[in-house]
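Asker: Sharing a structure below in structure tokens format, with a few things to ask.
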Amino acid sequence: MVETDKPKQHRSRVLEGMAHAVSQKGYGDTTIADIVREASVSRRTFYEHFSSKAECLVALYEAASHNSLKVLRDAIDPAHEWQTQVERALAAYLGSMQANPVLVRTLFIEILHLGPEGLAARRRVNSVVADFILSMVNGSKGPKSHVLSSGMATAIVGGINELVLEYIEQDKVKYLDELVQPASDLVHAITRT
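Set out below in structure tokens:
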């Protein structure tokens, strides 16, 4: 391993440690000691990367959300009309969350324990996803029945998030793939395709 890779590797380990600790104890009961134990790093290493437990949770949320968006982007082939790829893209997106149940709770519930800071992080991430949807729908080469507004793209994100949240609350994360069809129906209904 190259010496310059160590800080990046340590940061990743701290984020993984945070995910595991929060999944076991919830954010409120998780301590820095729990995080560093799960990450197999020192407290000093933790504080080299994050000034607080809250900052670490926001970083985990943003990193996991970035990875989920990458899965969604990678599932879309720009050579084809987006309308024909909705189900495949949502299956990949929901499947990536289903495969990482430790992160799902963090992404949808624990981030809210941070109050305004958590809501701001959630809003930033949702805005990036909504912008991706806008670019796919309004920038596509295929037929358009109308231009999708920013508010309606946000509504798509919010609707899909609520479907996922319901499954989390019902302890059905391992069945997130069941949401592909209702989420696809929502996208098609709002985009009128």
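Using the numbering used here, read the sequence shown as starting at 334 and increasing by one per residue.
Just so it is clear, CB atoms sit at the ideal spot from N, CA and C, and this is done for glycine as well.
All values reported here derive from a predicted model rather than from experimental measurement.
#1: If you measure between the beta carbons of V435 and S517, is that distance less than 9 Å?
#2: With DSSP collapsed to three states, give me the class of P411.
#3: Along the alpha helix (DSSP H) that carries L519, what are the first and last residues, could you check?
#4: For my contact list, A397 and V513 are in at a C-beta cut-off of 8 Å; report their separation, rounded to the angstrom.
#5: Out of curiosity, what's the CA-to-CA distance linking R344 and K358?
#6: Which same chain residues, not among the five before or five after V335, have their C-beta less than 8 Å away from its C-beta?
#7: Please name the residue, chosen from T526, E349, K341 and V506, that lies closest to G428 on a Cα-to-Cα basis.
#8: If you draw a straight line from the C-alpha of D504 to the C-alpha of H446, how long is it?
#9: For V391, which of helix, strand or coil comes out of DSSP?
#10: Going straight from the alpha carbon of F441 to that of A522, what length do you get?
#11: Quick one, are the C-beta atoms of A487 and A454 less than 9 Å apart?
Answerer: Inspection of the coordinates gives the following:
#1: In the sequence shown, counting from the first residue as 1, residue 435 sits at position 102. In the sequence shown, counting from the first residue as 1, residue 517 sits at position 184. No, they are not a contact pair.
#2: If you number the sequence shown from 1, residue 411 lands on position 78. Coil at P411, not helix or strand.
#3: Along the sequence shown, read from residue 1 onward, the residue named residue 519 stands at position 186. First-last of the alpha helix (DSSP H) with L519: V513 to T524.
#4: By one-based count along the sequence shown, residue 397 stands at place 64. By one-based count along the sequence shown, residue 513 stands at place 180. 20 Å between Cβ atoms; not a contact.
#5: Counting from one through the sequence shown, the residue named residue 344 turns up at place 11. Counting from one through the sequence shown, the residue named residue 358 turns up at place 25. Using only the alpha carbons, I get a separation of about 21 Å.
#6: The residue given as residue 335 occupies position 2 in the sequence shown. Note that V335 scores a pLDDT of 49, beneath 50, so its modelled location is shaky; the value from the coordinates is reported in the next line. So no residue of the chain qualifies.
#7: Here residue 428 corresponds to residue number 95 of the sequence shown, with the count starting at 1. That would be V506, whose Cα lies nearest to the Cα of G428.
#8: Taking the first residue of the sequence shown as 1, we reach residue 504 at position 171. Taking the first residue of the sequence shown as 1, we reach residue 446 at position 113. Those two C-alpha atoms are separated by around 19 Å.
#9: The count along the sequence shown starts at 1 and reaches residue 391 at position 58. Correct three-state label for V391: helix.
#10: Here residue 441 corresponds to residue number 108 of the sequence shown, with the count starting at 1. Here residue 522 corresponds to residue number 189 of the sequence shown, with the count starting at 1. The alpha-carbon atoms of F441 and A522 are separated by roughly 24 Å.
#11: Against the sequence shown, residue 487 aligns to sequence position 154. Against the sequence shown, residue 454 aligns to sequence position 121. Before going on, a small fix: residue 487 reads as Thr here, not Ala. No, the pair does not count as a contact, with Cβ atoms beyond the cut-off.
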